[in-house]
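Here my numbering runs 442 ahead of the position in the sequence shown, where the first position is 1.
Quick reminder that beta carbons are idealized off the backbone N, C-alpha and C, glycines included.
Bear in mind the structure is a predicted one, so any value in this text is a computation, not a measurement.
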Amino acid sequence: MKFGTKAIHAGVSPDPTTGAIMTPIYQTSTYVQESPGKHKGYEYSRTHNPTRTALQNALAALENGKHGICYASGLAATDAVLKLYRPGDEIIATNDIYGGSYRIMKRIFEPLGLVFHFVDMSEINHIKEVISEKTKMIWIETPTNPLLKIIDIEEITALCREKKIASVVDNTFASPYLQNPLDMGADIVMHSVTKYLGGHSDTVMGALITNDDTLAANLAFIQNASGAVPGPQDCFLVLRGIKTLHIRMQRHCENAMIVASWLEKHPKVNKVYYPGLPSNPGHALARRQMRGFGGMLSFELKGDVYEEAVRTMERLRVFSLGESLGGVESLCTHPASMTHASIPKEERIKVGLKDTLIRLSVGIEDAEDLIADLEQAIG
Ligand code: P1T
443 MKFGTKAIHA GVSPDPTTGA IMTPIYQTST YVQESPGKHK GYEYSRTHNP
493 TRTALQNALA ALENGKHGIC YASGLAATDA VLKLYRPGDE IIATNDIYGG
543 SYRIMKRIFE PLGLVFHFVD MSEINHIKEV ISEKTKMIWI ETPTNPLLKI
593 IDIEEITALC REKKIASVVD NTFASPYLQN PLDMGADIVM HSVTKYLGGH
643 SDTVMGALIT NDDTLAANLA FIQNASGAVP GPQDCFLVLR GIKTLHIRMQ
693 RHCENAMIVA SWLEKHPKVN KVYYPGLPSN PGHALARRQM RGFGGMLSFE
743 LKGDVYEEAV RTMERLRVFS LGESLGGVES LCTHPASMTH ASIPKEERIK
793 VGLKDTLIRL SVGIEDAEDL IADLEQAIG
């Protein structure tokens, strides 16, 4: 089945009692049993809920995976993955990474005994330099947040297989429409469902997808035992959101390409980070690895004046200033003070994330209006 058909049909079937074409919101905490242990497969909604089951199956289908497991947020999904490991285990992660992912690794799991190495994964030798007998997992985020670097998933997962190391790919920025890491050898795909999958800035949720039965059982155990599950209403909203994922992503990609190309030519713009631009160092790899270049881009103004970057963000009208991404409406974010504030400034500077960087989540409005807005804001 092709992607658009799967986005609309996968995982969902008419409600068995009424024939309702839309999966109902099973707003219930418990399920009545005929006799102790004699039930219809549902006992308690932390463990299973039919609306969540439909969504989990739909997400698994979109990532060409066997098992989907949803969590209360993207970070709750990351938390579940990290709980698979034990003190002394070492994990290598992308150094340009969502600030919250860095924070949970450094501030929650490092004190519990996990050891993290953050490296620039655009060069595989950086990974090889820190791999040891103790390395248990490699955490890839591609495109990276917020510098949109492209990391070679196949090259790294091949190395992982050779060394018997697990590989996890945070596929939030690409969405399953643009890349499917399981097909490239990854063991687990992680999503902040909050973003493109939900697509309408109305839900916070995370998901993990895998083909490995043992990993899936362990992650489902953590889902139930730790209890960070999404509610049925949110699952319904995401089920609705993913029906238009393919159409939205096409427009996100088109609009972001128009905006990136316009910014690159603007005399006041110093640098544009967008993998769709032929000048971008990740362009050739993105062309091979992805089916489009996505809706995210970042840029810096000439002169690198902090106050000018702030004034530009304040002047935007169609783009709203805020955290998050992947909704139909365009958003502008200041990573240094918002999404990446939990990464110490010296670490941010090391990876090239300046205080003057502006990140755009290009929405699906009319591109002319987005350009006009940027024009009046940049001046
Ligand atoms: O916000 P949450 O659903 O918990 O997802 C965390 C997360 C994980 N991975 C990536 C690549 C992300 O971008 C995020 C969340 N990011 C933002 C809120 C942001 O504005 O970048």
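> Contact between the stretch 695-712 and the stretch 669-683: three or more CB pairs below 8 angstroms?
Replying inline: no
>> From the DSSP secondary-structure annotation, give me the bridge partner or partners of Glu-583.
In response: Indexing the sequence shown from 1 puts residue 583 at position 141. Beta-bridge pairing links Glu-583 to Asp-612.
>> What would DSSP say about Val-770, mapped onto helix, strand or coil?
In response: As a working note, residue 770 is residue 328 in the sequence shown. Three-state DSSP puts Val-770 in coil, outside helix and strand.
> Relative to the ligand P1T, is the shortest distance from any of its heavy atoms to the C-beta of Leu-601 smaller than 6 angstroms?
Replying inline: Translated into the one-based positions of the sequence shown, residue 601 becomes position 159. Flag unset: Cβ of Leu-601 not near the ligand P1T.
> Which partner residues does Lys-480 have in the DSSP bridge list?
Replying inline: Residue 480 sits at position 38 when you count from the first residue of the sequence shown. Ser-477, per the DSSP bridge assignment.
> How big is the Cα-Cα spacing for Met-464 and Leu-497?
Replying inline: Here residue 464 is taken as the residue at index 22 of the sequence shown, counted from 1. Here residue 497 is taken as the residue at index 55 of the sequence shown, counted from 1. Near 12 angstroms, if we compare the C-alpha coordinates of Leu-497 and Met-464.
> When you compare only the Cα positions, how much space is there between Lys-606 and Thr-652?
Replying inline: Taking the sequence shown and counting its residues from 1, one reaches residue 606 at position 164. Taking the sequence shown and counting its residues from 1, one reaches residue 652 at position 210. Roughly 17 angstroms between the two C-alpha positions.
> What is the DSSP secondary structure of His-708, reduced to helix, strand or coil?
Replying inline: In the sequence shown, residue 708 corresponds to position 266, counting from 1. In the structure shown, His-708 sits in coil (DSSP, three-state: anything other than H, G, I, E or B).
>> In whole angstroms, give me the CA-to-CA distance for Asp-521 and Gly-821.
In response: Position 79 of the sequence shown holds residue 521. Position 379 of the sequence shown holds residue 821. Cα to Cα, Asp-521 sits roughly 43 angstroms from Gly-821.
> What do you reckon, is the C-beta of Leu-526 under 6 angstroms from a heavy atom of the ligand P1T?
Replying inline: The residue you call residue 526 lines up with position 84 of the sequence shown. No, the Cβ of Leu-526 stays beyond 6 angstroms of every heavy atom of the ligand P1T.
> Should Tyr-715 go down as buried or exposed, given a rule of 16 or more other Cβ atoms within 10 Å for buried?
Replying inline: Stepping through the sequence shown from its first residue, residue 715 is reached at position 273. Counting Cβ neighbours within 10 Å, Tyr-715 comes out buried, since at least 16 surround it.
>> Can you give me the C-alpha to C-alpha distance between Asp-808 and Ile-593, rounded to a whole angstrom?
In response: By 1-based counting over the sequence shown, the position of residue 808 is 366. By 1-based counting over the sequence shown, the position of residue 593 is 151. Distance between the alpha carbons of Asp-808 and Ile-593: 31 angstroms.
> So which of His-782, Gly-805 and Ile-806 has the shortest CA-CA distance to Leu-795?
Replying inline: Working through the sequence shown from its first residue, we reach residue 795 at position 353. Nearest of His-782, Gly-805 and Ile-806 to Leu-795, Cα basis: His-782.
> Could you give the distance in angstroms between the alpha-carbon of Arg-801 and the alpha-carbon of Met-738?
Replying inline: Sequence index remark: in the sequence shown, residue 801 carries index 359 (1-based). Sequence index remark: in the sequence shown, residue 738 carries index 296 (1-based). Answer to the nearest angstrom: the Cα atoms are 7 angstroms apart.
>> For the ligand MN, I want to know if Thr-489 counts as a neighbour, meaning its beta carbon is within less than 6 angstroms of at least one of the ligand's heavy atoms.
In response: Looking at this structure, you won't find the ligand MN anywhere; what it does contain is the ligand P1T.
>> Does the beta-carbon of Glu-765, which I'm using as the reference point, lie nearer than 6 angstroms to any heavy atom of the ligand P1T?
In response: The residue labelled residue 765 in the question sits at position 323 within the sequence shown. The answer is yes for Glu-765.
> Nearest CA to the CA of Arg-549: which residue from Met-563, Leu-524, Asp-562 and Glu-596?
Replying inline: Counting from 1 along the sequence shown, the entry for residue 549 is found at position 107. Selected option, being the one with the closest Cα: Leu-524.
> Near Met-755, which residues of its chain fall below 8 angstroms by C-beta distance, leaving aside the five closest residues on each side in sequence?
Replying inline: Position 313 of the sequence shown, counted from the first residue, corresponds to residue 755. If we look at Met-755 and ignore the five residues flanking it on each side, its Cβ neighbours are Leu-763, Cys-774, His-776, Ile-800 and Ala-819.
>> Can you tell me whether Arg-528 is buried or exposed? The criterion is at least 16 other CB atoms within 10 Å of its CB, across all chains shown.
In response: As a working mapping, residue 528 is identified with position 86 in the sequence shown. The residue is exposed, with fewer than 16 neighbouring Cβ atoms inside 10 Å.
>> Quick check: what's the CA-CA separation for Thr-614 versus Asp-457?
In response: Taking the first residue of the sequence shown as position 1, residue 614 is located at position 172. Taking the first residue of the sequence shown as position 1, residue 457 is located at position 15. Rounded to the nearest angstrom, the two C-alpha atoms are 30 angstroms apart.
> Looking only at DSSP bridge pairs, what is Ser-634 linked to?
Replying inline: Looking up residue 634 in the sequence shown gives position 192. Bridge partners of Ser-634: Gly-648.
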